[in-house]
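Asker: Handing you a structure now.
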Ligand SMILES: *[C@@H]1O[C@H](CO)[C@@H](O)[C@H](O)[C@H]1NC(C)=O
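Below is the structure:
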């Protein structure tokens, strides 16, 4: 990056990330036809259940946008639509405590500036936990930004952003969240792009206490999403449509006492040498922003989890 651009980015990033923190609230208040809050009450089963597979018909409820959620193919695929009035989204019926969640997504093509396509886990209530994968749209021919974040006990601000090494609007690609008590791994087509280790032992919040639901949403985030809010959505291109298919959860549905018995942490046992090599390659080429390197934002010292001994070493 040219030095000038770098400073420009830093200036803008301060505002960007403040806005970003408030985005969820904005999404809810600006959503049309009412947000289905009732769905989000916790319902616990008396025993933990391990689940494999996934289906949009049986595993999800409509969150907002009514008929803009279009489930097809016996529940194997779905499109979400954002039109001039409203976006749309779904939320899982179950609350999971740990698991691996895969989704194939094909993003809004063409001029998608201002649109946000999100795939994330979140708990509800105060001090919530959240693991985010979000795609910030762009003008035709300009790159999408894959924006990731982890909230634990209400503390977020752990953004890491990437460009993709393919055109995510041309075809479906698999995006995965792999979460267990030891670590969170985010993957694109099986390539790990981000790992957050559990460092509760040194006081870094990590999501271990609150079961989370999985969400997919498409909405208008043009106050902040594209070039820090400078490029607005062009509603003359509406409807904007994103495709989803092959949802797969290899996960545990929590018990009342918020435990998962017999869950073997899925496939998430850390990274082998090959995966480390893949991740190293992604980190060297595709990272746009990493909060752990933002010395301006953290002028008084980087967060603990950013210290070398708390980051997965790839060599
Ligand atoms: C959009 O494209 C511009 C110019 O290439 C780039 O700086 C930006 O990171 C891209 N993504 C977003 C979401 O703004």
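Numbering (the UniProt record's numbering), first residue to last: 1 to 315.
Beta carbons are placed, not taken as given, at the ideal position from N, Cα and C, and that holds for glycine.
Please read these numbers as outputs of a predicted model, since none were measured by experiment.
What does the alpha-carbon distance come out to for the pair residue 105 and residue 288?
Answerer: As a first step, residue 105 is located in the chain shown; it is residue number 105 there, counting from the start. As a first step, residue 288 is located in the chain shown; it is residue number 288 there, counting from the start. Looking at the two C-alpha atoms, the distance is approximately 21 angstroms.
Asker: Report the rounded CA-to-CA distance for residue 200 versus residue 234, giving the unit in angstroms.
Answerer: Counting from one through the chain shown, the residue named residue 200 turns up at place 200. Counting from one through the chain shown, the residue named residue 234 turns up at place 234. If I take the Cα positions, the gap works out to 44 angstroms.
Asker: Are any of the Cβ atoms in chain B nearer than 8 angstroms to that of residue 241?
Answerer: Protein chains in the displayed structure number just one, and chain B is not present.
Asker: Measuring only the C-alpha atoms, how far is residue 37 from residue 145?
Answerer: Counting from one through the chain shown, the residue named residue 37 turns up at place 37. Counting from one through the chain shown, the residue named residue 145 turns up at place 145. Caution applies to residue 37, whose pLDDT of 49 falls short of 50 and renders its modelled position unreliable; the model cannot decide the point.
Asker: Should residue 138 be listed as close to ligand 1, given that the test is whether its C-beta is under 7 angstroms from any heavy atom?
Answerer: To locate residue 138, count along the chain shown from 1; it is residue 138. Yes - ligand 1 has a heavy atom lying nearer than 7 angstroms to the Cβ of residue 138.
Asker: Taking DSSP as the reference, what is the three-state secondary structure of residue 308?
Answerer: Counting from 1 along the chain shown, the entry for residue 308 is found at position 308. The answer is helix: DSSP assigns residue 308 an H, G or I state.
Asker: Could you have a look at residue 317 and say whether DSSP puts it in helix, strand or coil?
Answerer: Because the chain spans 1 through 315 in this model, residue 317 falls outside it and cannot be assessed.
Asker: Please list the terminal residues of the continuous beta strand (DSSP E) segment that includes residue 321.
Answerer: Given that the chain is displayed from residue 1 to residue 315, the structure contains no residue 321 and the question cannot be resolved.
Asker: So, does the segment 145-156 touch the segment 122-131, judging by three or more C-beta pairs under 8 angstroms?
Answerer: At 8 angstroms Cβ cutoff, the stretches touch.
Asker: In chain order, what residues of the same chain lie with their CB nearer than 6 angstroms to the CB of residue 25, ignoring the 5 residues before and after it?
Answerer: On the chain shown, position 25 is the one that residue 25 refers to. Note that residue 25 has pLDDT 44, beneath the 50 cutoff, so the model's placement of it is unreliable and the number below is only indicative. For residue 25, where only same-chain residues beyond five positions count, there are no Cβ hits under 6 angstroms.
Asker: Using a 10 Å radius around the Cβ and a threshold of 16 neighbouring Cβ atoms, would you call residue 159 buried or exposed?
Answerer: To locate residue 159, count along the chain shown from 1; it is residue 159. Answer is buried; the Cβ neighbour count reaches 16.
Asker: Residue 11 by DSSP, collapsed to three states: which one?
Answerer: Numbered from its first residue, the chain shown carries residue 11 at position 11. Residue placement at residue 11 cannot be trusted, given a pLDDT of 48 that sits under 50; what the coordinates show is reported in the next sentence. Residue 11: helix per DSSP, three-state reduction.
Asker: Identify whether residue 183 lies in helix, strand or coil by the three-state DSSP scheme.
Answerer: Residue mapping note: residue 183 aligns to position 183 of the chain shown, counting from 1. Here residue 183 sits in strand by DSSP.
Asker: Shorter than 7 angstroms, the distance from the beta carbon of residue 367 to the closest heavy atom of ligand 1, or not?
Answerer: This structure cannot speak to residue 367, because the chain is shown only from 1 to 315.
Asker: Examine ligand 1 and report whether any of its heavy atoms sits within less than 7 angstroms of the Cβ of residue 109.
Answerer: Position 109 of the chain shown, counted from the first residue, corresponds to residue 109. Residue 109 Cβ: outside cutoff for every heavy atom of ligand 1.
Asker: What distance in whole Å lies between the Cβ atoms of residue 239 and residue 83, which are believed to be in contact at a cut-off of 8 angstroms?
Answerer: Counting from 1 along the chain shown, the entry for residue 83 is found at position 83. Counting from 1 along the chain shown, the entry for residue 239 is found at position 239. Between residue 239 and residue 83 the Cβ distance is about 4 angstroms, and since that is below 8 angstroms, they are a contact.
Asker: Quick check on the burial criterion: 16 or more other C-beta atoms within 10 angstroms. Buried or exposed for residue 55?
Answerer: Here residue 55 refers to the residue found at position 55 when the chain shown is read from its first residue. When all chains shown are included, residue 55 counts as exposed.
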